[in-house]
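Asks: Residues are numbered in our numbering as their position in the sequence shown, beginning at 1, plus a constant of 926.
Every residue, glycine too, gets a C-beta built ideally from N, C-alpha and C.
This one's a predicted model, so the numbers in the text were calculated from it and none came from an experiment.
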Amino acid sequence: MATGAPANAETVSGTVGTAKSPSRLGPLTDLVIERIRVSDDVAASKFGTGSPIEDSVREAQVLEQVRNQAEAAGVNPDTAVAFFQDQITASKIVQKGLFARWTAHPEEAPTTRPDLGPIREQLDQLTTALLQELKDTEELRERPIACMVQLALATGSGAVRERLDTLHREALRTATQSVCRSSEPTGRR
Ligand SMILES: C=C(O[C@@H]1C=C(C(=O)O)C=C[C@H]1O)C(=O)O
């Protein structure tokens, strides 16, 4: 039961949210959107430098950090790693899309180049926050129907509120595809 919510705020399908967020998965998807947005900065830091979008050494470090922190936070490490693999894929979707856009329309390319170091520190902080949200939403995420309802509400409202374009919506779909599959695969991929 969510703390602070009256007992009758909970329905069988779990579709009632709080006044603040329309969905109990709102805080998790908001962090996912924040990570997707940081991918724009990552792309800006790499574009035109010859640095590849994909850095497998860094990815391995991110996933190792996830595995260690998940254990400490009491989150299933395999679930956490699968979720973060999706976050990494989503980040690369955004970066590839922006590289293509900026190559085709150089006038839209960023005029400043942020440092990748501080951006990665920001991503590391998001890792900790995301793991905490995975922990806090564990119970709901193991109820497939309620979870899918909450996820649709959270991603739908987040995409509208944050005015995500087609590219960033595609990234959001990829980044949230394993949120509700922690215990009961739907058989669909
Ligand atoms: C975000 C970056 O780009 C890619 C995506 C990563 C991620 O989402 O954590 C990690 C390494 C890169 O393959 C980066 O280089 O830091």
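Spatial neighbours of ALA1097 within its chain, please: CB distance less than 6 angstroms, with the 5 preceding and 5 following residues excluded, ordered by chain position.
Replies: Start at 1 with the first residue of the sequence shown, and residue 1097 comes out as number 171. Excluding sequence neighbours, ALA1097 sits near ILE962, ALA1016, ILE1019 and VAL1020.
Asks: Below 7 angstroms, is the gap between the Cβ of LYS1018 and the nearest heavy atom of ligand 1?
Replies: By 1-based counting over the sequence shown, the position of residue 1018 is 92. At least one heavy atom of ligand 1 is nearer than 7 angstroms to the Cβ of LYS1018, so yes.
Asks: On the criterion of 16 or more Cβ atoms from any shown chain inside 10 Å, does ASN977 qualify as buried, or is it exposed?
Replies: Residue numbering aside, residue 977 sits at position 51 when the sequence shown is read from its first letter. Here residue 977 turns out to be Ser, not Asn, going by the sequence shown. By the 10 Å Cβ count, SER977 comes out exposed.
Asks: Relative to ligand 1, is the shortest distance from any of its heavy atoms to the C-beta of ARG1116 smaller than 7 angstroms?
Replies: Residue 1116 is absent from the structure shown; the chain starts at 927 and stops at 1115.
Asks: May I ask you to check if the CB of THR991 is nearer than 7 angstroms to at least one heavy atom of ligand 1?
Replies: Taking the sequence shown and counting its residues from 1, the one referred to as residue 991 is at position 65. Checking the sequence shown, residue 991 turns out to be Gln, not Thr. Incorrect: GLN991 has no Cβ contact closer than 7 angstroms to ligand 1.
Asks: Mapping the DSSP letters down to three states, classify SER1017 as helix, strand or coil.
Replies: Here residue 1017 refers to the residue found at position 91 when the sequence shown is read from its first residue. Three-state result, SER1017: helix.
Asks: As an exercise, report each continuous alpha helix (DSSP H) stretch of at least 4 residues that is fully enclosed by the region 977 to 1041, in chain order.
Replies: Correct list: 982 to 999 and 1003 to 1030.
Asks: Tell me the rounded alpha-carbon separation between PRO1032 and GLU1088.
Replies: Taking the sequence shown and counting its residues from 1, one reaches residue 1032 at position 106. Taking the sequence shown and counting its residues from 1, one reaches residue 1088 at position 162. In a straight line, the C-alpha of PRO1032 is about 25 angstroms away from that of GLU1088.
Asks: Helix, strand or coil: how does DSSP classify THR1130 here?
Replies: The shown model of the chain, from 927 to 1115, leaves out residue 1130, and the question about it has no answer.
Asks: Using 8 angstroms for Cβ pairs, my map puts ASP1041 next to SER971. What's the rounded Cβ distance?
Replies: Counted from its first residue, the sequence shown places residue 1041 at position 115. Counted from its first residue, the sequence shown places residue 971 at position 45. At roughly 7 angstroms, the Cβ-Cβ gap stays under 8 angstroms, so ASP1041 and SER971 are in contact.
Asks: What are the boundary residues of the alpha helix (DSSP H) that includes GLU1068?
Replies: Mapped onto the sequence shown, residue 1068 falls at position 142. Here GLU1068 belongs to no alpha helix (DSSP H), and DSSP marks it neither H nor E.
Asks: Any heavy atom of ligand 1 closer than 7 angstroms to the Cβ of VAL958?
Replies: The residue labelled residue 958 in the question sits at position 32 within the sequence shown. No; taking the cut-off as 7 angstroms, the Cβ of VAL958 has no heavy atom of ligand 1 nearer than that.
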